[in-house]
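See below for the structure under consideration.
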Amino acid sequence: MKLLSFRKVVILGLGTVAAIKLATVVLPMSAIAETEAGAAQSDIATAAPPPSFAATAPDAAGMCEPSHLIAEAIAEERALLESQREKLADSEARLALAEQSLKAEQARLSEVRDEIETQLDVIQKANGQDMTKLVELYRNMKPQVAAEIMDEMDIETAVQMIGAMQERDAAQIMASLSLVRARAITKIIMERSKLPADRNLAGLKLR
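Here is the structure:
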């Protein structure tokens, strides 16, 4: 009985010691868990406050502002389009006026050209008639007399008259011209049948 009682006492003592050690481990862990849970609940309460009607209520002024801006943008766009239409209409009007002025100027220039051509025709006909009369006049002269006159007149007129005469009459007058004048007239008649770039009158003596 004494031995059994001693064993019971030892076992009970060991159980008590184990219980005390377990309590020293479990109780701090429980306290830490409760502390962490409380801190988490505090963080949640701080991060997500209860909804407030005043904070979530829609602002009437904020809702109207976008519509007002859209209306202003549309008005500005319309004004810009209207300005562009006016500029385009003004440009078209100026272009039409310029076209009318150009047509009027073309018509005027056409009239001036026709008038100039008419006057040139008259002058050419008159020159042709005058040249015909002069050629006929010199042809009826004696070759020596006609040659003496042509020796003193300008070389261009002499060349034109000799060129307009018949070969027989021109030959008689050329034979009576001075040697220098006959050579000059011959050279000019030969060169004028060439292109302007190919003509060579260098060293031409008129007297």
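Here the sequence shown is numbered in numbering that gives the first Met the number 0, starting from 0 and rising by one per residue.
Each residue gets a CB set at the ideal place from its N, CA and C atoms; glycine is no exception.
Coarse secondary structure for residue i, derived from DSSP in three states
{"i": "residue 164", "result": "coil"}
{"i": "residue 139", "result": "coil"}
{"i": "residue 153", "result": "coil"}
{"i": "residue 177", "result": "coil"}
{"i": "residue 201", "result": "coil"}
{"i": "residue 194", "result": "coil"}
Residue i to residue j span [Cα, whole Å]
{"i": "residue 178", "j": "residue 102", "result": "59 angstroms"}
{"i": "residue 79", "j": "residue 72", "result": "10 angstroms"}
{"i": "residue 76", "j": "residue 96", "result": "30 angstroms"}
{"i": "residue 188", "j": "residue 158", "result": "7 angstroms"}
{"i": "residue 130", "j": "residue 185", "result": "19 angstroms"}
{"i": "residue 114", "j": "residue 156", "result": "28 angstroms"}
{"i": "residue 118", "j": "residue 147", "result": "35 angstroms"}
{"i": "residue 182", "j": "residue 116", "result": "36 angstroms"}
{"i": "residue 106", "j": "residue 112", "result": "10 angstroms"}
{"i": "residue 192", "j": "residue 104", "result": "39 angstroms"}
{"i": "residue 121", "j": "residue 153", "result": "24 angstroms"}
{"i": "residue 212", "j": "residue 124", "result": "Any question about residue 212 goes unanswered here, given that the chain covers just 0 to 206."}
{"i": "residue 65", "j": "residue 74", "result": "14 angstroms"}
{"i": "residue 220", "j": "residue 162", "result": "With the chain covering only 0 through 206, there is no way to say anything about residue 220."}
{"i": "residue 99", "j": "residue 86", "result": "20 angstroms"}
Same chain only: Cβ atoms within 7 angstroms of residue i, ignoring 5 sequence neighbours per side
{"i": "residue 133", "result": "160"}
{"i": "residue 138", "result": "164, 168"}
{"i": "residue 89", "result": "none"}
{"i": "residue 190", "result": "198, 199, 200"}
Whole-Å CB distance - residue i paired with residue j, under 8 angstroms assumed
{"i": "residue 172", "j": "residue 195", "result": "Not really, about 28 angstroms apart at Cβ, beyond 8 angstroms."}
Sequence-distant residues of its chain with Cβ nearer than 8 angstroms to residue i (five each side left out)
{"i": "residue 201", "result": "none"}
Spatial neighbours of residue i in its chain, beta-carbon cut-off 6 angstroms, leaving aside the 5 residues before and after
{"i": "residue 180", "result": "150"}
{"i": "residue 145", "result": "137, 172"}
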